[in-house]
Structure formats: C-alpha cells, structure tokens
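Residue numbers (UniProt numbering): 1 to 163.
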C-alpha cells in the first residue's frame with residue numbers, strides 16, 4: 001500500500017504544500033486541496049484540454065500529470081492570471097469575443113492561448129488551429145475562440161509597442 005507524501009510547490013505565485021497519495025493527479029489536488037476549480041477533468045485521458053495548467057511554464061494535462069511531479073515546481077492555473085480585479089488580456093479577449101458558451105472548456109483554452117502567444121506572439125490562423133488541436137469545445141465556439149486569440153495577440157503587440 002502506498003503512503004502519503006508531502007509535496008511543496010509554488011501555486012499561482014504562492015508557496016504551498018499538500019499531503020497527497022502518490023496516485024493523485026494534479027487536477028485532483030488543485031480542486032480538493034486548494035479549491036481551484038478552473039482546471040477540470042472531462043475526458044480523463046488528456047484529450048480534451050479542459051484540465052490544462054502550466055507547470056514550470058509549460059502546459060500539461062492536469063488529469064494525467066501526477067501531483068507528485070509538481071514537487072518543487074511552479075504551477076499556474078487560470079485563477080492565477082488575473083491581477084486583483086484586472087483580468088488577464090487573454091481572459092478579457094475571450095469575454096469580448098464571446099469565445100465560450102457553456103464555459104466548461106474555457107479555462108483550458110485560456111491557458112493554452114497564454115502559452116501560444118508566449119511562443120508565437122502574432123500567430124496565423126493555421127498556427128492557432130494547430131496549437132489548439134488538443135482542446136475541445138463541445139459547444140463549437142471555435143470561430144469566436146479564433147477571434148479571441150487574434151484580439152489578445154493584437155492587444156499584446158500594441159502593449160509591447162507602447163512599452
């Protein structure tokens with residue numbers, strides 16, 4: 001029988017610890033130990049993107065990523081994007097473009113778009129479609145999601161020019 005283990009990591013900029021079982025996934029720990037519900041398990045197989053979080057700056061499927069591997073890492077979730085009452089520009093773009101319907105998949109899409117714009121600040125439509133192939137929207141808000149990515153990209157470029 002496996003025994004509990006305490007892990008320590010940085011969660012949305014704050015040092016935290018949790019006592020976990022070795023088989024627990026990161027999304028389970030985020031939800032049940034820290035009450036962070038943005039990343040959520042849908043398919044349980046890493047195919048839909050609903051559970052996307054960033055670990056050390058890279059997107060991972062939280063439903064497959066064992067929490068024990070987060071020990072010593074930096075974990076960022078959709079809840080950590082806003083600064084006080086100010087939403088992240090990607091979150092704002094999703095709202096303005098109406099890039100959601102039921103909202104279940106939105107946190108995963110937002111986290112992937114954050115990474116996409118980090119790697120490709122001004123992506124083409126084809127790059128966006130390719131990058132987001134691992135994220136599924138059952139409501140089919142794909143045209144609006146593409147609009148949101150373009151809007152966030154344009155705002156990011158404008159902010160960089162002003163800086």
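Ideal Cβ positions, reconstructed from N, Cα and C, are used throughout, including at glycine.
For residue i: DSSP bridge partner residues
| i | result |
| --- | --- |
| residue 75 | 11 and 55 |
| residue 18 | 7 |
| residue 60 | 53 |
| residue 83 | 86 |
| residue 66 | 25 |
DSSP three-state assignment for residue i, whether helix, strand or coil
| i | result |
| --- | --- |
| residue 133 | coil |
| residue 32 | helix |
| residue 94 | helix |
| residue 41 | coil |
Which listed residue (the options) has its alpha carbon closest to that of residue i
| i | options | result |
| --- | --- | --- |
| residue 84 | 12, 4 and 105 | 12 |
| residue 144 | 19, 97, 38 and 91 | 97 |
| residue 30 | 10, 46 and 142 | 10 |
| residue 248 | 26, 37 and 92 | The structure shown does not extend to residue 248, since the chain is modelled only from 1 through 163, so no value can be given for it. |
| residue 107 | 141, 15, 125 and 39 | 39 |
| residue 150 | 123, 71, 22 and 82 | 123 |
| residue 105 | 55, 87, 20 and 43 | 43 |
Distance cut-off 8 angstroms: residue i Cβ against heavy atoms of the ligand ZN
| i | result |
| --- | --- |
| residue 66 | With respect to small molecules bound, the structure shown includes none, and the ligand ZN cannot be examined in it. |
Residue range of the alpha helix (DSSP H) that includes residue i
| i | result |
| --- | --- |
| residue 115 | 106-119 |
| residue 165 | The requested residue 165 does not occur in the structure, where the chain is confined to residues 1 to 163. |
Worksheet item: Are at least three pairs of beta-carbons, each pair with one atom in the region 63-73 and one in the region 123-141, less than 8 angstroms apart?
Response: Too few Cβ pairs lie closer than 8 angstroms, so no.
Discussion item. Is it the case that the region 73-81 contacts the region 153-160, given that we only count it when at least three CB pairs across the two stretches are under 8 angstroms?
Written reply: Touching, no.
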